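Per UniProt numbering, the sequence shown starts with residue 1, numbered consecutively.
Where is the CB? At the ideal position from N, CA and C, for every residue including glycine.
Computed from a prediction, not measured in an experiment: that's the story for all the values here.
Written below as structure tokens is the structure these notes are about.
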Amino acid sequence: MEKEEVQRQRILEASYKLFSTYGVKSITMDDIAKELAMSKKTIYLYYNDKDDLLTQLMQTVLTQHQNELKVASDKAKDPIHEIFLVLEQIEKMLKPINPSMFYDLQKYYPHAWALFETFKNDCMMQNLLDNLEKGVDLGIYRKGMNHEVLAHMRVIQISNVFNPMYYPSGKFDITETMFHLTNHYMHGIVTLKGHKLINKYLQVNEDE
């Protein structure tokens, strides 16, 4: 990796750490420079401003998450196993993040947030639709469901976990909330065969 790319990556990683811990709005370019022991001038060689930095950071994070969704799909033994693998990825991603980060992005940084919206409406939707189709074909999801409606509902469900208006961080733990919503979603779509698989994977997770 060339020196310039190493520097860009260092800045992104330090920024992500600060934004995740303290939220986005409260962190300045001075804070990022201090964290890196680097001058602001050096940061501006790679990123035009904070908005540009956030937009590129969001693109990097979403690309990584898109790749992880594919890995989960390829690795999964069945569609329900895939849901559990994706849930693990989401929980791992959310664990170090201050919930205010998503609120700040949505309210103050429309360019970065637009990337997240596109990711939800394209990548996440397609992933969910594929999962539903496979589950029905295998007899573990019920037939006769409207997949578009279910996938759309699930995207909204996941998105709302990040919204403090619905799940204030002082009252709800994000990872626990995500687990309960996912559990509710799965039980609403499975057949008896699928229900047995849910219990199987829940038992495995508990044993671990």
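Assigned secondary structure, TYR167 (DSSP; H/G/I helix, E/B strand, else coil)
Sequence index remark: in the sequence shown, residue 167 carries index 167 (1-based). Note: TYR167 maps to coil in three-state DSSP.
Does VAL190 come out as helix, strand or coil in the three-state DSSP assignment?
Position 190 of the sequence shown holds residue 190. In the structure shown, the three-state DSSP call for VAL190 is strand.
Compare the C-alpha of ASP137 against each of ASN121, HIS187, PHE116 and ILE80 and name the closest.
Position 137 of the sequence shown, counted from the start, is the residue given in the question as residue 137. Of ASN121, HIS187, PHE116 and ILE80, the residue nearest in Cα terms is ILE80.
Tell me the DSSP secondary structure of TYR22 in three-state form.
For the purposes of this step, residue 22 is taken as residue 22 along the sequence shown, with counting starting at 1. For TYR22, the three-state secondary structure derived from DSSP is helix.
Residues that DSSP places opposite TYR141 in a beta bridge
For the purposes of this step, residue 141 is taken as residue 141 along the sequence shown, with counting starting at 1. Under DSSP, TYR141 shares a beta bridge with VAL190.
Member of THR182, GLU176 and THR60 whose CA lies at the smallest distance from the CA of LEU128
For this step, residue 128 is matched to residue 128 along the sequence shown. Nearest C-alpha to LEU128: THR182.
Check whether GLU68 and ALA76 have beta carbons under 8 Å apart:
Counted from its first residue, the sequence shown places residue 68 at position 68. Counted from its first residue, the sequence shown places residue 76 at position 76. No, these two residues do not count as a Cβ contact at 8 Å.
Which of helix, strand or coil does DSSP assign to GLU176?
Within the sequence shown, residue 176 is the residue found at index 176, counting from 1. Looking at GLU176 - three-state DSSP - the assignment turns out to be helix.
MET124 - DSSP class collapsed to helix/strand/coil:
Indexing the sequence shown from 1 puts residue 124 at position 124. Residue state for MET124 is assigned as helix, using DSSP reduced to three classes.
DSSP-derived helix/strand/coil call for ILE97
The sequence position of residue 97 within the sequence shown is 97, counting from 1. In the three-state DSSP reduction, ILE97 falls in the coil class, being neither helix nor strand.
How far does the alpha helix (DSSP H) with ASN160 in it extend, from its first residue to its last?
The residue labelled residue 160 in the question sits at position 160 within the sequence shown. From DSSP, the alpha helix (DSSP H) with ASN160 extends over 147 to 161.
Close Cβ partners of ILE27 (< 7 Å) along its chain, the five nearest in sequence each way excluded
As a first step, residue 27 is located in the sequence shown; it is residue number 27 there, counting from the start. For ILE27, the CB contacts under 7 Å within the same chain, skipping 5 residues up- and downstream, are LEU18 and PHE19 in chain order.
Any chance the stretch 28 to 48 sits against the stretch 82 to 100, with 3 or more Cβ pairs inside 8 Å?
Look at the beta carbons and you see the stretch 28 to 48 not touching the stretch 82 to 100: under three pairs across the two are nearer than 8 Å.
Under three-state DSSP, which class holds ALA76?
The residue you call residue 76 lines up with position 76 of the sequence shown. Per DSSP, reduced to three states, the secondary structure at ALA76 is coil, with no helix or strand assignment.
Can you confirm whether the stretch 153 to 172 touches the stretch 192 to 203 when touching is taken to mean that 3 or more C-beta pairs between the two stretches lie within less than 8 Å?
At 8 Å Cβ cutoff, the stretches do not touch.
Under 8 Å Cβ to Cβ from ALA112, same chain only, skipping five residues before and after it: list those, please.
The count along the sequence shown starts at 1 and reaches residue 112 at position 112. ASP51, LEU54, THR55, LEU57, MET58 and LEU105.
Measuring alpha carbon to alpha carbon, tell me which of GLN64, GLY188 and GLU2 ends up nearest LEU150.
Here residue 150 is taken as the residue at index 150 of the sequence shown, counted from 1. Looking at the Cα atoms, GLY188 is the closest of the given residues.
In this structure, does DSSP put THR28 in helix, strand or coil?
The residue labelled residue 28 in the question sits at position 28 within the sequence shown. Of the three classes helix, strand and coil, the one that applies to THR28 here is coil, per DSSP.
If we ignore side chains and look at the alpha-carbon of each, how far apart do PHE179 and TYR22 end up?
Translated into positions along the sequence shown, residue 179 becomes position 179. Translated into positions along the sequence shown, residue 22 becomes position 22. Separation of PHE179 and TYR22 (C-alpha to C-alpha, rounded to the nearest whole angstrom) is 24 Å.
For ALA112, the first and last residue of its enclosing alpha helix (DSSP H)
Position 112 of the sequence shown, counted from the first residue, corresponds to residue 112. ALA112 -> alpha helix (DSSP H) spans 110 to 119.
Among ASN98, LYS193 and LYS196, whose alpha-carbon lies nearest the alpha-carbon of PHE172?
Walking along the sequence shown from the start, residue 172 turns up at place 172. In terms of CA proximity to PHE172, ASN98 leads the group ASN98, LYS193 and LYS196.
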